[in-house]
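Protein chains in written order, with my numbering: chain B, 643 to 1502; chain W, 20 to 158; chain S, 61 to 891. What follows is one structure encoded as structure tokens, with my remarks underneath.
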Amino acid sequence: MFKGLLGRLRARKDAERNSLLDALKIRYHAFRILLGNNERALDILANVEAAFHSGADKMVLAGLIEDLEDVTFELVDGLSRLRDDAGRRLYSRHLRIEEALRAALDGMEDDPPAPFCRALESLGPEEEGLAGGKAAGLLRLMKNGFPTPPGFVITVRACREFLAMTGLEEEIRQALRGVGAQSGAQELAQAAKTVRERILAAKAPAAFLDGLEAEASRLTGVWRRFKEGAPRFAVRSSALTEDAAEHSFAGQYVTRLNVPPDALPEAFRETLAGAFSERALAYRLGMGLPAAVFDMAMLVQPMIEAQAAGVLFTLDPVRPESGRMLVSAALGLGVTVVDGDAPTDMFRPLRTDLTDVETRLADKTVLAAPAPEGGLVRQAPADGQRSAPAIEAATLNRLARLGLAAEALAGAPQDMEWAVTRDGELFILQSRPARLSAARKPGFSLPRARIILRGAAGASPGRCLGRARLYRDAGALDAELDEPVIAFLPASLPDAAKVLPRWQGLAVDQGSPADHLSTVARELGRPMLTRTGSGTTLVAEGSLTVLDAEAGAVYAAPPEIGGLRDLLTPPGRDDAPKIRRPLTPLRERLRDLTVPLNLTDAYGPAFSISECRSLHDVIRYSHEMAVMAMFDAGDETLEGSFSLVRRLEGEIPLQIMVIDLGGGLVQDAPSPVIGIEHVVCAPLRALWRGALTPGLRWSAPPPNPNISGLFSKGLLDGRGPRPLGLPNYALAARDYVNVNARVEFHFAMIDAVCGPKARGNHVRFRFKGGGTEIVQRERRAQCVALILQEGGFFTDRRGDLVSASLSGATPESAEGALALLGKTLGFTRLLDASMRDENAPKRAAQAFFDGDYALASFKE
Amino acid sequence: MLDNERPGGEGKKPRILVLDDEPIVVKRLKPAFEKAGYETETFTDSASALARFTQRPFDIVITDLKMEGMDGMAFLEKVKELSPDTGCVIITGFATLDTAKESFHKGAFDFVAKPFKLADILDVTKRLEEKMAGRHEEA
Amino acid sequence: MRKRSRLPRDPRDPRALSDLYEKDAPGGSNAPPGEDKDAGGAGKARALFSKFRTILDSNTAILTAIAQMERMLGGEYIFDRAYLEKSAREIADLTHRTVYAINAMTGDAHLDLYDRYAALNAEVEDILAGRRDPGAGIPVLPLRDIRLEDRVLVGDHAAALAEIAGRLELPAPDGFAVAEAGWAPSLTSGFASWPPRPLEQAVSGAVVDLYVRRGARRVLIATEAVTPEGEVRRTETEADCEAGQVLAALRQGMDQALAAFDPPPGDLAAFRGHSLVLAAPPEGALGQIRTLAGPEAGCKPLLAIHIRLNGSPGATDSYLASRNHPYLLRESRIAPKPLNKPLPDGRIPADPVSRAWLRGSAVLTPDDCAWLAGAAMAAERLLGEPLVLDFAHPYGGKPLFLGVRPLPADPACPADSDVPEAGEILLQGGTAACLGAASGMVIHVRENDAAADFPYGALAVARSASPQLAPILKRASGVVTELGDAAGHLAAVAREYRVPALFGARGALAALPQGALATLDAEARTVRRGGIAPVPHQGWELSPSDPEFLLLRRLLQRIASLTLTDPDAKDFTADNCRSFHDLIHFAHEKAVESLANMRRAGKGKDGAKARPIALPVPLCMRLLDIGGAAAAGDAPARIEDIRSRPLAAFLAGVCAPGMWDQAPARFGMGDVISAMDKTFAALSANPAHAGENLAIAARSYCNISLRLGYHFSVVDAYLSENSSKNAVYFRFVGGMAPIAARARRAQFLRNVLAGYDFKVETQGDLVVARLKMIEPARGEEILHILGRLTAFTRQRDTGLLSDADAAALETLFLEKSGLADCSDAKGDAHV
């Protein structure tokens, strides 16, 4: 009977233990599923974002948003299984976002037709097809901070619609029918004339005129921020095939200069008609292009009243082998250079030494200037100007540097138009690939940029130029930027999103095109690479680089470009233009409720449910809180679970109490003591391997301690009851570990997934505390951060708390990171006691890198 | 280049180079292409494939994308540089729209996702062969 | 009417957004109680639904992925390791989600599934990583548990023999293998102690089993030692069937095998070893088959059989036969037999009765030869290369295969011996379900034909690719059907046995008459006249010797095999899940069950705001909208407000004219008495909700629980455009009348439902009906019928006094539904 009672007691104990293990398992699986849903959610989010970009129709959008709601709901529900309170509150927030989404979707009608005119800066990189070659080239310069005038585009679609709405389209086809390359000059001239006359006589539809007027007045507003008075406009054709390397329609289309606002419609018609000029038609037919296919857009910009203007070839097109640039400069407007009807100064700076310039000055007898009534006048320059250089040496130098920068950005030599105002302000008016002399000298090869890295995955399209900056620590994110910067990060850190608007572009060692940061980069139109592998080690801090997201590569830009600070304008801090097509108000609203990430600072006070304003925020919040919840799991559930655990022992005086969540240990693992050979859990094995690094001071105190804390004394003289502190726990599954280590008054926590799929992997680490005074503890924290940064972690230190993270790592690098953590744990034991001066963290970190784990270098 | 060495020479079945780092793929493709009458050489690493190609260009190249060392995309670029007329087909298990786009951009003729049916790859090579023959007649 | 109150007046106003959120901004933890409570209840219902959908979606995705992996066995696809890894991990992920979902649905009632998942996933990852096989720790494996993919554990010979015996059921002695893990401790320790305890125990158990169960008295022992480079030395011995002797013989065999290396190895740690122990066959003749004869056949593609009487090495008979059905003998050389040894039929040549006339007898009859040749060719098909097979032919018994190994290519014969062209095309078209070529005599088969009657190596031609033909594929050299495709069950079987298969070839039966000799080329999708005896070539085909093939097989074993089939069986438990397929199947069944029980447990209503549905019939129902089930509004939803596709169809059926019997039920005294205790139980269990009906619904889903009178029914349906996701579940139980009458009603329901392709199970008065993978329009029709049935059967049990009443009721129902004409046949059957 007594036996029976004992049996019942034992059975109850067993049941308690089992239910404890069950609770742990439930948590663990909920967490892993949540991680998977997080990935799925980000994938769908990327699709939603793309749907907004591409103007997907309502049904597609609604379907995607519904999918996103479903998966975010699962995230919220999953969080509530890990943290009931947070989950519940997040759920009601989620519900409200959903209600708002539903309301917006219900009200959404089919979109109105796309606008005829688009602000140049509103065009995304994938919309070059709307803007034509000239505008696209300029747009790239503009986005990279080159001095370019603002402008707007009358899109290809608008031009086509204009022709369709006025019934001209069919007439043009009629007129051009039968005109081919074999046609005689007269036939061609007749056809061209007919078409032009019809275009010039057409009456523009009211909607078109309204759009034109609205954009013109917006542009005037922008312009007035810089210049006095009402601007005159330049209207340039920007054909799709124009300015591409294979079909340079240089000068084949019409440009109208000095156009007063009220004459814009007429200038539009003239420019449009210009596409059908005899010379343009002949050129098209000569190039084997069909005559009637229409693919022209127009670029409208305020006139730059030039003191001097001209053309810059970044490689002399006639003698490319000379390694020189070619700058031609005329007084007044650059039209004289382009038309070749006025004498111009020629400068040929050497590409590798811009101060070495071959100069040939001309006697400049004529210049073009804007006429007060519109149009241009030719006039003689003032006497002193005729023989003096048209531009100063400083301007020439600046121009040459801009040329090199533009060439590096485009990846090929450029043919650029420029102008200088009376105040000496330099503008780039356009840039296109240069057509070099066909008969190149044998042995000549185009200058090619050095490849720094390639094979990366483009996460956000485009090319950009900037100075490379490496970011390994959260603190570095706050640094001021006064020049265009390309950021290189070890991991795709969501917190970087808040700084992203100030970067020209970015490249991430790990990460994936579907993660938070990539989404934000696309949203802002910043070129971005992920999976560069080791971008942060390949690129030199401070070097000039070009990032090409389409080619998945980073190139070195020539150092002759010099400082960017005075050359290019870095992206604004606050007024970062959101690069996207204009959306209807309801689409805008749908987008605001889904895509933007407002929760960017995981450690800041604004990281809260009440700041969740989009589904993206909900995703980020759930994910972050879930990881935090796993950190907490240790304290909540591990107490009193001794009988569940097996003690992992080895050659070092470190013990880890392991709880198998399923697949973490071999099936027939002994109890209660196991060796590392019984551990299957890959991250735990890696951690252990690091802890076994020979030379780590697991049992000896560090040298030269400065003992100011009461607690550490007892520990250091070996009289402490448990020299290695409280037990360390590890929850282990096959590819997962959660470690809760409490070593001598500091705690360290690790949460890591380390499986075959890089994207699902993460390593998180927190470290805090110590037995000494706060200054020394902070110094140790600094040291830990330094070590982990070097190991590819992104770190954040607040006081003596260090948080470090690594995500999307390949299994090999995740295991490497865990080994580093194991090593770090051993190395930093009681290290705070040795942190006697400000330099100690750096010295200790250096000792660590040198393999001096016993800190021999600290012994004076 | 001598005329008889030109890819797609008269009356001769084209020569195919197959590059895939998984032996099972080349092991099975080689006899299949040979049965279809192509002269076939196979490689499991890009370096030796490139060395062979430099030695004597092939008419058709069938390459995997993800490989150690030089990847398929880089191999494709090299091939196109050495012999612009060579037709290239990409076979990969990691097909995304972006990689497909990129490979077309770089001059690939087609893009076949793994796993694929034997009949499919033979069909692609046949189409490629026809296209090359057409180009030849034009020239 | 659209609900717009929450929409800020001007969406462009940036403040509009913040309006939306200010409500819970300060002290967010204390959210407004009313709203949150509602949210919580609906949230729970939605969580439930969301999990259920996860299960349905994962189920579909997994089955699709499995089907694709299985097709890889058929040889028509080129695939690589990366594909296998990707697919296996994708399936594992989906399975994990499914396991999580079923636990989330049921308050973590199936936690064991997590452990099963983790264990299976570990096995799959081990296989992918090329690490030790999950079975690698086991020292001794019974032959019947071994398959080809275990060759790394037990050696090629044992694996191949077990494969042909297990998969094709070719006769072989019983036995066991001492696996690598059995030898490893001794080899690593340099035989520090012999025998090691685990090996001793395992061998003793296996030997006793052979002795007792098989009556074996002697055993044959083959032992192999393998160098790290893969070089093999093999020894063969015999021993009495007794543990001590067998262990001694094993040790001796290994010593000899090791000694056979020159020089003999010093350090044994890197060596591997395995042994095969077989019950010795009874006394008789011993023979060998080579499926490709070589120079002795003039390098023609023929098959050679050699056989000699035990103990008479000189007297060997040789036969050459064609390699395709019916395996005609081309040549035989008969040696003179010793006078005193019995022939396989038991007679002795020097028998005074026969006066030694039998001295020149052939050991094998032509029939024996054909059988042996057919079996050997089936083995060749399965293993994908020419083979050498050793066999015993006991006196007066059937042959037993003792060993099988690849036939080394004979250098004297050119690799590509010329194969004669087959004749004209008899049949073209269809889908190749398994690639390869086969040739033999055409035999027409039907579903119920006994496999044992089917001659080895014939070409099976059938009307449809019915799963019932599976046993025949163990014998057929090829299979052609008029119906079916590469995705069906029989296609999977053909790939498993590596039998070339052409399915869906129209007119096959007519084009291929019984008894004609024909050649199938599955790749070319043709059948030609005549036989060409194709030789397996190491070509583009996926061969069983390719590591990827074995990897695929091992993966499929953990992923695709389905062992838990019957949800009502006792062994339908989490612990018995042997594959991911089992896991998801189990989870799916439990999920449906849990939803069906939800109404009973009173879940889904705590705090949830259920909106009444206004119906034109006296039925009180509330709607819990978990996403797009009805047009917005607080007023009772009308039928036209319902947006949930399955719910709308069901309600339309409920309200169909003529279904709602307004007349009071016919009660007998028995009915009332029977109802007395039920009334108490039903009311006290959940008094607040008795008589209230609830529909939980979303756009494509509904779960309706109804209490009509004293019976209780559940309809659970998912209906979307994607028919592979669609499913209808119907459950009906209870009633007021005595059990016999209720059983009659169950019978009535069963009849009606079976007519709509439902899988119906009844037990007493419980009816459970399931239907999956239906076209959406068909699904609507079916839900409409369920609605009608629900209305129609309300209280019908009380009127069912006899079986005739049940039949009459069925007729009445079908009449009222305008479906009377299609019921005739069924009606007859049940009256």
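Glycine is no exception: its CB is placed at the ideal position from the N, C-alpha and C atoms. This one's a predicted model, so the numbers in the text were calculated from it and none came from an experiment.
Three-state secondary structure (DSSP) of residue i
i       : result
C359/S  : coil
K776/B  : helix
F514/S  : coil
H1320/B : helix
G235/S  : strand
Q832/B  : helix
E343/S  : coil
G697/B  : coil
K458/S  : coil
G952/B  : strand
R1478/B : coil
A493/S  : strand
CB contact check: residue i to chain S, cutoff 9 Å
i       : result
I1294/B : no
K1140/B : no
L1303/B : yes
F715/B  : yes
L1399/B : Residue 1399/B is actually Lys in this sequence, not Leu. At least one chain S Cβ lies under 9 Å of K1399/B.
L137/W  : yes
K85/W   : yes
C-beta neighbour in chain B for residue i, strict 9 Å
i     : result
L64/W : According to the sequence provided, residue 64/W is Asp. The question's Leu does not apply to it. Not one chain B Cβ lies under 9 Å of D64/W.
M92/W : yes
Nearest residue (CA-CA) to residue i, options the options
i       : options                               : result
A665/B  : S147/S, L171/S and R113/S             : L171/S
E284/S  : A262/S, R273/S, G304/S and L247/S     : L247/S
F1490/B : L1235/B, L1462/B, L1303/B and G1317/B : L1462/B
L724/B  : V1269/B, S1445/B, Y1378/B and Y1371/B : V1269/B
L1142/B : I1429/B, N1240/B, T1452/B and A1030/B : N1240/B
Chain W contact for residue i (CB, 9 Å cutoff)
i       : result
G1360/B : Residue confidence for G1360/B is low, a pLDDT of 39 falling below 50, so the modelled location carries little weight; the figure read from the coordinates is stated next. Taking Cβ atoms only, chain W never reaches closer than 9 Å to G1360/B, which makes this a no.
R555/S  : no
E1420/B : no
Any non-hydrogen atom of the ligand FMN within 8 Å of residue i CB
i      : result
P607/S : This structure lacks the ligand FMN; in fact it carries no ligand of any kind.
Validate contact between the region 424–432 of chain S and the region 385–399 of chain S using beta carbons, cut 8 Å, 3 pairs: They touch, by the three-pair rule.
Any 3 or more C-beta pairs closer than 8 Å across the region 230–244 of chain S and the region 200–214 of chain S: By the Cβ criterion, the region 230–244 of chain S is in contact with the region 200–214 of chain S, since at least three pairs of Cβ atoms, one from each stretch, lie closer than 8 Å.
The region 771–783 of chain B / the region 937–952 of chain B touching (three or more Cβ pairs under 8 Å): These segments touch.
The region 460–468 of chain S in contact with the region 543–561 of chain S per 3-pair CB rule at 8 Å: Contact between the region 460–468 of chain S and the region 543–561 of chain S is absent: fewer than three C-beta pairs spanning the two stretches fall below 8 Å.
Against chain C: residues of the region 1085–1111 of chain B by CB proximity under 9 Å: The chain inventory of the structure shown lacks chain C, comprising the protein chains B, W and S.
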